[in-house]
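Just below is one structure, and these are the notes that go with it.
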Amino acid sequence: MSMVTTRIKLDENIKRQAQEVAKSAGLTLSALINSYLTQIVATRHIEPYTPELTTPQLKALLTEIEPSLATDNNLSKPFNSAEEFLADLKK
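Heads up: the sequence shown begins at 1045 in my numbering, then just goes up one per residue.
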């Protein structure tokens, strides 16, 4: 396998943190990037980074209501106004 050199621009902080992650796995940053690119080529899939925005409490609530969402079952009736909604909440 012939190797080539590729130059990329990185955020300095991201590079430093990635080097730390690679080092903790016993790899160089180059080996880590090579491994990731090999995975992309093998799977023909790029896993996008999506930051975690949900809290454990929200995850628990979503898990609880998931069956209702899957059946397209409304959790409440439709309302014609905010006043109607608030009146229903007070029942």
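Glycine included, each C-beta is placed from N, C-alpha and C at the ideal position.
The alpha helix (DSSP H) enclosing residue i, as first and last residue numbers
i               : result
leucine 1106    : 1100–1114
valine 1085     : 1073–1087
asparagine 1057 : 1056–1068
glutamate 1128  : 1126–1133
CB-CB length for residue i against residue j, believed under 8 Å
i            : j            : result
alanine 1086 : leucine 1076 : Not a contact, Cβ separation roughly 16 Å.
Chain D within 7 Å of residue i, Cβ atoms only
i            : result
leucine 1130 : Note that chain D does not occur in the displayed structure, where there is just one protein chain.
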